[in-house]
Structure formats: structure tokens, C-alpha cells
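Written below as C-alpha cells is the structure these notes are about.
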Amino acid sequence: MSMRARRPPLDLRELQCVREIAREGSIHAAARTLGGKQSALSRSLRLLEERLGVQLFRRTSSGTKLTPAGTMFLRDATELLDKTTALYERTRRWSHGDNGVVSVGLQGSLPPGRVSDMLEPYRLTEPEISFAWQDATRNDLLQALKDGTIDLAVMTLPLPDAGVASIPFWSDRIVAVMSVEHPMAQSGTVSWAELHGATFLIGKDETGEELFTLLTRKMRQAGFVPTTRQEAVRSLRVVALAANGSSIVLLPDTWRAFLPSSIRERIAVVEVIDGDGFSHFAYGAAWLRETCPPAVRKVIRFLEQQAAAF
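The C-terminal residue of the sequence shown carries number 531 in the working numbering, and the numbering is unbroken.
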């Protein structure tokens with residue numbers, strides 16, 4: 222059996238009337254402050270007291286004074302009115318993008334800490350905005366955007382879905398990492414064609430999958446099929462295997478900073494020439510085109526400015 226929602230026994234207007242009568246000390250003065258008629262305010266107070274079954278004010282020749290019950294009522298009514306005002310202001314600020322929670326999804330191949338570092342100044346200047354973080358694969362992030370479980374995703378571009386808007390932030394060059402004893406270690410730069418005889422180690426994670434896709438596409442464009450071996454470790458750990466052997470690992474350049482010094486000392490980093498430039502991953506923000514809250518749009522603009530400054 223369904224139950225109809227009961228109407229609240231008090232409304233905010235009644236609470237405001239009690240507060241103004243107490244402040245002004247008379248019904249006449251309170252009515253003037255509220256912009257109403259004294260007779261209407263007097264009637265409203267009488268009906269409220271009848272419903273409550275208690276007298277809130279004592280009427281005297283000099284005005285009105287709170288009874289003990291009225292003092293207790295006013296204390297709680299004031300708290301409710303203040304909370305209502307705060308609720309209104311918080312919600313209004315949310316609608317303008319000045320308040321709220323922004324849920325950010327991060328793709329696994331992002332440099333660790335990059336996005337949170339970029340947003341740290343925003344968190345300090347906009348303390349009413351908080352962030353909820355989620356790591357996921359590229360496909361899962363796209364689905365989460367469509368489902369509305371995240372507001373914003375930072376991932377590799379371009380995107381396959383026309384319903385998801387995006388904006389580029391930065392790009393990260395892809396370098397070839399190998400042992401310092403590798404024959405190509407002193408080359409400085411190599412082309413994809415020059416790497417055709419190498420064995421590439423691929424990590425077992427999404428970054429490894431993206432690097433494998435990139436490697437396969439570039440090598441085929443050069444007329445070769447790459448020799449690869451997938452390892453049962455994450456892409457960053459694969460570098461240690463390359464440091465101890467003759468294989469090559471592809472890695473986003475900024476990831477080198479997260480390698481321990483004992484590994485960095487034993488590897489050489491070679492730039493991979495791609496036509497007139499270098500191969501790279503492009504990163505940017507993605508959001509659902511039709512349902513982007515104001516707070517998210519402000520964060521996107523800030524990230525764009527930060528990316529330009531990095």
C-alpha cells in the first residue's frame with residue numbers, strides 16, 4: 222500500500238515570522254519589516270500557536286515577549302532558517318560551478334601525479350570544489366562518462382565517440398629504452414625501420430597494450446612486423462628486464478622520472494624518429510558533450526591553462 226507524503230507541519234514563512242516578531246518586539250514592527258499587514262501576521266501567529274498548543278509570545282502593552290516555550294522554539298527555528306539559507310547558497314554556488322564534487326577518471330598510462338599536481342592550485346583557490354578520483358582503462362572511462370558515474374576523464378586522444386567532447390592538454394614523447402650495452406645505446410635517435418630487428422618487451426597492462434598498438438602501426442608503416450614478447454608485469458617494471466638484457470622497451474618519456482636510480486644508471490634512452498618529428502601519446506580531457514556541469518567546465522578551463530604553462 223502506497224503512502225502519501227505528509228505535508229511538513231511548519232513552513233519557513235512561519236519560522237521567519239516568529240523570528241521577526243522576537244527581533245522587533247512587536248507584531249506591528251515585524252509586519253512592517255516583512256512587508257505585510259499586522260492583522261495577517263497576528264492571525265498567522267495565532268493559528269501557529271493553536272496548532273502547537275502552546276503560547277510563544279506574551280502580549281503586553283509595550284509589545285510582545287517570548288515565553289519559555291517561545292524561546293526554545295525561536296532557538297531551533299533560527300537554526301533551521303540559517304541552515305536553509307546555507308543550503309540555498311550552496312546549491313546556487315553549485316549551479317554556477319563554485320561548489321560541488323567533480324569526479325575525475327584517470328587512464329592508466331598517465332604519468333603518475335601529473336593531473337593531481339595540475340589541480341592543486343585550483344583546490345587551494347576554490348576550496349568549495351572537491352575531487353573524487355578513479356583509475357580505469359580507456360574503454361571503461363568512456364563508458365563511465367556515458368553512464369554519468371564520472372564527470373571528467375583524462376586519457377589518450379583522439380577519441381572514437383562523437384558524443385564525447387575532448388580537448389588536448391599535452392603530449393608525451395615515446396622513447397626506446399635499452400641496456401647501456403645495447404648496440405644502439407649510443408645512437409641518440411633511431412627510425413622505426415632501424416628497430417626492425419629488435420625484440421620489444423611489452424608490459425601486461427593498458428599502457429603495454431597502447432604501446433603495442435603504436436609499435437605495430439609504426440613498424441608496419443615502415444614495412445616491417447615487430448618482434449614482441451609480453452611479460453607478466455606492468456610496463457614500468459619491464460624496463461628493469463630491458464636493463465639486464467638485449468631487448469628494447471618503449472616508454473612515455475615522462476615515466477623515466479619514476480624509475481629508481483639503480484635502473485636509470487643501467488639504461489640508455491633513444492629518441493624514435495617518426496617522419497619529421499617524434500612518436501608520442503597525446504593526452505587531454507574528455508567529457509559528455511550534452512551534460513557537462515558548470516563546475517566541470519571551470520575545471521577543464523583551468524586544466525587547459527595549466528597544461529599550457531607546464
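Note that the Cβ used here is the ideal one computed from N, Cα and C, for glycine as well.
As assigned by DSSP and simplified to three states, the class of residue 403
coil
For residue 222 and residue 228, what's the separation of their Cα atoms in angstroms?
With a pLDDT of 46 at residue 222, under the threshold of 50, the predicted position of this residue should be treated as unreliable, and no value is reported.
Straight-line CA distance for residue 518 to residue 449?
42 Å
Integer Cβ distance of residue 478 from residue 400, believed to fall under 8 Å
Wrong, their Cβ atoms sit about 20 Å apart, outside the cutoff.
Straight-line gap, residue 215 to residue 295 (C-alpha atoms, nearest Å)
A query on residue 215 cannot be resolved here, the shown segment of the chain reaching from 222 to 531 and no further.
Entirely within the segment 385–471 and at least 3 residues each: give me those beta strand (DSSP E) ranges in chain order.
385–400, 410–412, 420–423, 448–451, all fully within the segment 385–471.
Residue 370 and residue 427: beta carbons closer than 8 Å?
no
Beta-bridge partners of residue 379, as assigned by DSSP
Partner(s): none; residue 379 has no beta bridge.
Taking C-beta to C-beta, are residue 471 and residue 421 nearer than 8 Å?
yes
Please report the straight-line C-alpha distance between residue 397 and residue 307, rounded to a whole angstrom.
56 Å
Range covered by the alpha helix (DSSP H) that runs through residue 286
It is not in any alpha helix (DSSP H) - residue 286 instead sits in the beta strand (DSSP E) that spans 284–287.
At what residues does the beta strand (DSSP E) containing residue 278 begin and finish?
278–281
Per DSSP, the bridge partner or partners of residue 504
377, 391
Kindly indicate which residue of 443, 271, 241, 329 has the alpha-carbon position closest to the one of residue 361.
That would be 329, whose Cα lies nearest to the Cα of residue 361.
Going by other Cβ atoms of all chains shown within 10 Å of its Cβ, with 16 needed for buried, is residue 303 buried or exposed?
exposed
What did DSSP end up calling residue 297 once you bin it into helix, strand or coil?
In the three-state DSSP reduction, residue 297 falls in the helix class (H, G or I).
Opening and closing residue of the alpha helix (DSSP H) in which residue 235 lies:
233–245
Beta-carbon proximity list for residue 456, same chain, < 6 Å, skipping 5 on both sides
424, 426, 428, 429
Terminal residues of the alpha helix (DSSP H) in which residue 270 lies
Unbroken alpha helix (DSSP H) run through residue 270: 259–273.
With three or more C-beta pairs closer than 8 Å as the rule, is the segment 441–448 touching the segment 407–421?
yes
Do residue 372 and residue 502 come within 8 Å of each other at the CB atom, strictly closer than that value?
no
Taking the runs of the beta strand (DSSP E) that are 3 residues or longer, which of them lie wholly in the segment 318–381?
321–328, 350–357, 373–378
What three-state label does DSSP hand residue 480 in the structure shown?
coil
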